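Data block below; observations after.
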Amino acid sequence: MKRTENSASPLRLARLSSLRSRYLAATLALATLLTACALMMQQYISTVRSERTLSIEIRQQASQHSRRLREAVLEVEHTLNIYLSMPGAAQRHAVHQAADMARTRHQQLFALPWLHSPEQSEKFAPLALELQGLHSRLDHLMEEPPPSGTRPSPGSIFTTLRQQLQQLDQALEDSATDEVSFLQRASSNVIGSIWLLSLGVLMLMLLGFFLFQHYVLGPISLVSRALRDEAHGKRDLVLPLPATAETQHLVEAFTEMRRQVTERQQALEHQAMHDALTSLPNRILLQDRVQQAIHHLRRLGHGGLALLIMDLDGFKEINDTLGHPIGDGLLQQLADRLQREVRDSDTIARLGGDEFAVLLEQVDEAEARHMASRILHLLDQPFEVAGQSLYVSGSIGLALYPLHAHTPQELSRRADVAMYVAKREKTGITLYDPAQDHYTLQRLAQASDLRNAISNEHLLLHFQPQIDLHSGVFSGVEALLRWQHPQLGYISPDDFIPVAEQTGLIRHLTYWVLDQSLAHIAAWSHKGLAPGSIAVNLSAYNLQDADLTLEVARLLKKWGVQPWRLVLEITESSMMANPARALATLERLNDLGVQIAIDDFGTGYSSLSYLKRLPVDKLKIDKSFVMHMNEDDNDAMIVRSTIDLAHNLGLEVVAEGVESHEALELLRILDCDAAQGYFISRPLPAAVLEEWLTSSDYCQGHQDARGPDDAPEPDLPTTH
Ligand code: C2E
Ligand code: CA
Ligand code: CA
2 MKRTENSASP LRLARLSSLR SRYLAATLAL ATLLTACALM MQQYISTVRS ERTLSIEIRQ
62 QASQHSRRLR EAVLEVEHTL NIYLSMPGAA QRHAVHQAAD MARTRHQQLF ALPWLHSPEQ
122 SEKFAPLALE LQGLHSRLDH LMEEPPPSGT RPSPGSIFTT LRQQLQQLDQ ALEDSATDEV
182 SFLQRASSNV IGSIWLLSLG VLMLMLLGFF LFQHYVLGPI SLVSRALRDE AHGKRDLVLP
242 LPATAETQHL VEAFTEMRRQ VTERQQALEH QAMHDALTSL PNRILLQDRV QQAIHHLRRL
302 GHGGLALLIM DLDGFKEIND TLGHPIGDGL LQQLADRLQR EVRDSDTIAR LGGDEFAVLL
362 EQVDEAEARH MASRILHLLD QPFEVAGQSL YVSGSIGLAL YPLHAHTPQE LSRRADVAMY
422 VAKREKTGIT LYDPAQDHYT LQRLAQASDL RNAISNEHLL LHFQPQIDLH SGVFSGVEAL
482 LRWQHPQLGY ISPDDFIPVA EQTGLIRHLT YWVLDQSLAH IAAWSHKGLA PGSIAVNLSA
542 YNLQDADLTL EVARLLKKWG VQPWRLVLEI TESSMMANPA RALATLERLN DLGVQIAIDD
602 FGTGYSSLSY LKRLPVDKLK IDKSFVMHMN EDDNDAMIVR STIDLAHNLG LEVVAEGVES
662 HEALELLRIL DCDAAQGYFI SRPLPAAVLE EWLTSSDYCQ GHQDARGPDD APEPDLPTTH
C-alpha cells in the first residue's frame, strides 16, 4: 500500500478539511434555513391572522349596524302606518323621530371603512340616496291630502329600501365567503411550504448520507479491509487519498501501526532466528540455510557443502569459575573472530553453549579441512576478557554433502558425531565416518545412567603400574576409572568424564575414586605388597572445589595412608579456568603432603616457567609424544627437552604411553625418572594387579621407597 502524502495546511483546515467542521457547518446552514423558513411562515400566518381578524371585526360591526338600520327602517314604517291610520301631531313626531334614528343608524353604518372601498361605496350609493331622501318623502306622504286626493303609497318607499338592505346583507355574506376562501388558500400555502421544507430536508439527509458514505464509511471499510489483509499477510491494498482530516488521521494511524507491527515482526523473526548473545544465526536459521544450499546445489547438479561443528574444550570451566559475563565475553570475541575468518557467503551459527557451526558452500573435502584448521587456529591467541587472558581449545567435526548426508538434519547429526569423536580422540578435526555413529547413542544414554552407576557398582577402578627408570622396579599405580554399562558394555572414561563434568557429578565421582584408591593402597600395604604411590586424576572442576582438600585429608586419615603415597594428576588446561583459585587449592593440597603431577604435558599451552610457580612435584609427558618418539625425531626432541627442562626446575618426569622396549630404553637414556605404558602393563583390575605385584619382574625384591604405612588393616568397602 502506498501512503498518500498529507498536505493539511492551516488553510485547508480552515476550508473545512475536517469532518467535524464540515458537519457543524452543514448543521448550521440547515438550522439557519429551517429557522428562516419557520420565521417566514410565522410572519405570513400572523399577518393573515391579524388582517382577517380585523376584517371579521369590521364585518361583525357592519352586520350589527345593518341589523339596527333594518330595525330603524321597520320602526319608521310602523310609525308611518300608525300615523296614516290615526294622523296627529304626536304620531307625526314619532315618524320623524324614527326617521332620524334610521338616518343615524345609516350614518353609523357608512362610517365603517369597509363600505368606503370604491367597490362597496358604489354598490351602496343607492341605499344612501334612498335614506337621504327618506325625510322628504315621508313629509310628502304625511302632508294634508293632496288636492288630487291621492297619496303616494308608503309600500313603494319601503320596498326599495328593503331590497337595498337585502343587498347589503348579501354583500356582507359574500365578503365572509371570500374570507373563507382566502383562509383556505393561506392554509394550503402553509401546508405546501411545510411539504416543500420536508422534501428539502429529506434531500439534504440523502445528500448527507452520500457524503458520509464517500468520506467516512468508504475509507473506514477500506482501512478495515487493509487491516484484514494485514492480518493475513497481504499488503497490496492501496489506501485512498484521505479527503478529510479524520480519515486522514485514520489512514495515518493505520500506516503507523502497520510500520510498527512490521518492525516488531521483523525483530521477533530476528530473535527467533538469531542467538541473542552473539547475534549469529541460531540452529533454526542454520538448518534453513543448509536446506537452501542443498536446493541450490540440486539445481546446479554439481558441487558440495561442508558443515563444520566446533565445540570448545575448557570453556565450561571458565564459565563456571569466572562467571557467565566472562564466558559471554569470550564467546562474543570468538564469534567476531569467526566472522572475520569465513567468506561472506558462508554461514556461522551458534548452536548453544560453546558450540558453533560453520556452513561452507561450494567446497570439497580438502578445502573444508583447510578451513577447519584455520578456524581451530583462531583459538591459538588468548581471549582478553576483563583483563584476563583466557585460553580455550576446540574440537571440530566435519560432514559433507552429498557424501555423508542428504538432508540438513542428517548433515548436522553427522557433523556432531564427528565433533564428538574429535573431542574424544583429541584429534582437533575429524571428518565423519559411518563407523562413528554408535557414539551418539552412547552419549545420550550416559547422562541419565551415570547417576545410578556409582550406587549400582557399575563403576570400578583399574590400576596401571609405573616403574622407576633409575632402578627399573615398580614404583606405583595410576587409578583409572572403568564403567561397565549394563546395556552398552564398556564405556571409556574419555566418553563419560565429560558427561560427569557437564552434569556436576564429577565431584561425587572424584571423591569415590579417591576413597576407593586409598582403600586399595591401604589393603595392599597391609598385605605387604609394597604398592608405592597411587595416582588419581582430577578434573578442572575439582580444583575449584573448596572442600577437596578437606575430603582428601579426611580420606587419608580414614584409610591410614601416608600423604606422599597420593599423587593428584591435573592437566594444564584445568588450571586455566580460574588460575588463582586452582593455585590456592594446589597449595593447600601440597601443604597436606600429597604429590601433584601435571598430566598430558605438552598438549596445553603452559610454559615451564609458569609451572615453576605451581607447587608441582611431577610432570607426565603426554603419551602422544612418547608413543612415536622412536620414529619421529620431533617427538623425541620434545620428550628430551621436556625432561631436561623439568629436571632444571627440580621436577620428576614420568613418561606415559610406553608401548615398546625401545621406547623404554630411549627414556632411560634420556634420563626420564618413571615410565608407564602398555609395554610395562595395561591398566589392571585390583585382583590382577595383586598377582602382578607378586609375579612381575619389575617387583622382584622391591620395597616401598619410604617404608610401609603404620595404620591398622582396613576393611575394603567393595570387592572391586
Ligand atoms: P590419562 O590420565 O592420560 O590416563 C592414561 C590413559 O592412557 C589411560 O586411558 C590408559 O589406559 C592409557 N594408556 C596407558 N598406557 C598406554 C599406552 O602404552 N598406550 C596407549 N595408547 N594408551 C595408554 P584410559 O584409562 O582410557 O583413560 C583415559 C583418560 O580418562 C585418562 O587419561 C584420564 O584423563 C581420564 N580418567 C581416567 N580415570 C579418571 C578418573 O578417575 N578421574 C578423572 N577425572 N579422569 C579420569
Ligand atoms: Ca592421568
Ligand atoms: Ca595422561
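Residue 2 is where the sequence shown starts when you use the working numbering, and the numbers rise one by one after that. For every residue, glycine included, the Cβ atom is placed at its ideal position computed from N, Cα and C. Nothing here was measured: the structure is a model prediction, and the numbers come from that model.
N538 counts as buried, since at least 16 other C-beta atoms from the protein chains shown sit within 10 angstroms of its C-beta.
For S67, there is no enclosing beta strand (DSSP E); the enclosing alpha helix (DSSP H) has its first and last residue at 20–86. Rounded to the nearest angstrom, the gap between the Cα atoms of A95 and T80 is 6 Å. Sequence-distant partners of V514 (beyond 5 residues in either direction) whose C-beta falls short of 8 Å from its own C-beta, in its chain, are L462, A480, L482, V537, N538.
Taking 7 Å as the cut-off, one finds no heavy atom of ligand 1 near enough to the beta carbon of K427.
When only Cα atoms are considered, L569 and D365 end up about 46 Å apart.
Residue A32 holds the alpha-carbon nearest to the alpha-carbon of V202 among G477, D381, A32. Selection L128, L142, L70, L380 evaluated against P88 yields L142 as nearest (Cα-Cα). Under the three-state reduction of DSSP output, Q545 falls in the coil class, being neither helix nor strand.
The C-beta distance from L85 to P155 rounds to 7 Å, short enough to meet the 8 Å contact threshold. D645 and E573 have their C-alpha atoms some 19 Å from each other. Around the beta carbon of N457, fewer than 16 other beta carbons lie within 10 angstroms, which makes this residue exposed.
I522 has its alpha-carbon roughly 14 Å from the corresponding atom of Q704. With respect to G603, T643 sits close: the two C-beta atoms are nearer than 8 Å. In the three-state reduction of the DSSP assignment, F680 falls in the coil class, being assigned neither a helical nor a strand state.
When DSSP states are grouped into helix, strand and coil, P435 belongs to the helix group.
When R641, K613, A336 are compared, the shortest CA-CA separation from D623 is found for R641. The count of Cβ pairs closer than 8 Å, one atom from the stretch 271–288 and one from the stretch 341–352, reaches three, so the stretches are in contact. For D321, the secondary structure class from DSSP, reduced to helix, strand or coil, is helix.
In this structure, F316 lies away from D345, with their beta-carbon atoms at least 8 Å apart.
The Cβ atoms of V386 and G330 lie closer than 8 Å to each other. Listed by position in the chain, the residues whose beta carbon lies within less than 6 Å of some heavy atom of ligand 2 are E479, N538, E570, D600.
It is roughly 10 Å from the alpha-carbon of Q437 to the alpha-carbon of A423.
For S374, the secondary structure class from DSSP, reduced to helix, strand or coil, is helix. Selection N579, V478, K559 evaluated against P532 yields V478 as nearest (Cα-Cα). DSSP places D601 within a strand segment (E or B) once states are collapsed to three. Taking C-alpha positions only, S118 is separated from T160 by approximately 26 Å. Judged by beta-carbon spacing, R290 lies beyond the 8 Å limit of E342, meaning their Cβ atoms are not closer than that value. In the structure shown, P409 adopts helical secondary structure according to DSSP, grouped into three states.
Residue range 246–274 is occupied by the alpha helix (DSSP H) that includes Q261, with no beta strand (DSSP E) assigned at that position. Taking a contact as a CB-CB distance under 8 Å, the pair A416 and L309 counts as one, their CB atoms being some 7 Å apart. Distance from the CA atom of K613 to the CA atom of L650, rounded to whole angstroms, is 7 Å. With contacts defined by Cβ atoms closer than 8 Å, A637 and F464 do not form a contacting pair. Ranking L510, V49, I535 by CA distance to the CA of L519 puts I535 first.
Here the distance from the Cβ of E573 to the nearest heavy atom of ligand 1 is not below 7 Å. In terms of Cα proximity to N82, the closest of L139, S47, E257 is L139.
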